[in-house]
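The next block holds one structure in the form of structure tokens; read it before the comments.
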Amino acid sequence: METILNNNTVFQAELTALHEAVIYASHLPNHNTSNIHVDNRASIMASSNSKSTNATARKIFKILLSNPRIKVSWVKAHAGNIGNERADQLAKDATQHGQPYSHTKLPKLYIKGLLRKRMLEEWQTSWKNGDTGRKIYNIMPSVSLRPTNWIREDVIFFSQHGPFPAYLKRFHLSDSDYCSCGGIGTALHYATECVYTVSWHMRKPAPNFEQEWLKRVANNLFSRQKIRGIIKFMSENRDLFRPP
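Note that the UniProt record's numbering numbers the sequence shown so that position 41 is 41, with each residue one more than the last.
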């Protein structure tokens with residue numbers, strides 16, 4: 001006895017069993033009519049379609065087409081049909097003691113799921129161990145295929161790569177890291193204390209809670225709208241924020 005792998009579907013198992021049955025019947029003497037009873041309607045429907053997307057179903061169709069003496073019919077499962085009950089028992093025995101059936105491909109959905117899982121694992125490892133994007137990583141440590149719905153202004157603020165004097169000086173694009181109001185021109189400064197952005201201010205966090213504050217702001221649409229207002233205002237009024 002042979003059994004398919006755990007990753008294969010019930011539908012694949014039913015089609016595989018039908019395929020083996022019609023192959024066996026096709027090798028019997030031509031004067032014999034073979035009646036194959038199946039309790040799975042889906043496998044019968046698939047194998048009666050010459051354009052089925054399932055390769056095994058198409059093979060069954062070709063065998064049946066060239067062997068009209070082989071008849072396939074549906075029977076109700078667990079209805080006392082001796083042959084059907086015996087087939088079910090053999091199938092159960094095969095799951096316990098059968099040898100792996102090597103002719104059935106893994107389902108596409110399983111393969112896609114496996115590739116997706118591995119891709120996410122590799123992406124997560126790369127994101128965790130990367131040298132860049134650490135400010136965003138501290139806010140979003142886990143990768144996801146779900147979009148964040150961030151816009152340009154969100155990325156500028158949370159990456160802190162934008163029209164901030166502290167950032168510009170760090171990359172030698174400015175001689176001073178001071179805002180024109182006299183404070184150090186960080187992203188947090190403009191969101192909480194700069195006199196020019198008071199219309200969008202939020203409460204300033206304690207230094208040891210700054211990271212948690214950034215996470216809360218990133219996950220709150222109302223707070224992000226304030227951030228967007230700040231970045232747009234700064235972009236439209238660059239001269240106002242130049243160091244003294």
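All C-beta atoms in this analysis are idealised placements derived from N, C-alpha and C, irrespective of residue type, glycine included.
Here's the rule I'm using: 16 or more other beta-carbon atoms within 10 Å means buried, otherwise exposed. How should residue i be labelled?
i	result
residue 125	exposed
residue 210	exposed
residue 147	exposed
residue 122	exposed
residue 25	buried
residue 195	exposed
residue 165	buried
Verify whether the separation of the beta carbon atoms of residue i and residue j is less than 8 Å.
i	j	result
residue 16	residue 56	yes
residue 268	residue 151	Summary: the structure shown does not reach residue 268, with the chain confined to residues 1 through 244, and so no result is reported for it.
residue 76	residue 36	no
residue 187	residue 225	no
residue 223	residue 163	no
residue 43	residue 18	yes
What three-state label does DSSP hand residue i in the structure shown?
i	result
residue 73	strand
residue 208	helix
residue 19	helix
Pull up the DSSP beta-bridge partners for residue i, would you.
i	result
residue 220	The partner list for residue 220 (beta bridge, DSSP) is empty, contrary to what the question assumes.
residue 35	71
residue 184	178
From residue i to residue j, what distance separates their C-alpha atoms?
i	j	result
residue 46	residue 58	8 Å
residue 50	residue 137	52 Å
residue 244	residue 180	5 Å
residue 183	residue 220	26 Å
residue 142	residue 167	26 Å
residue 171	residue 242	16 Å
residue 212	residue 131	21 Å
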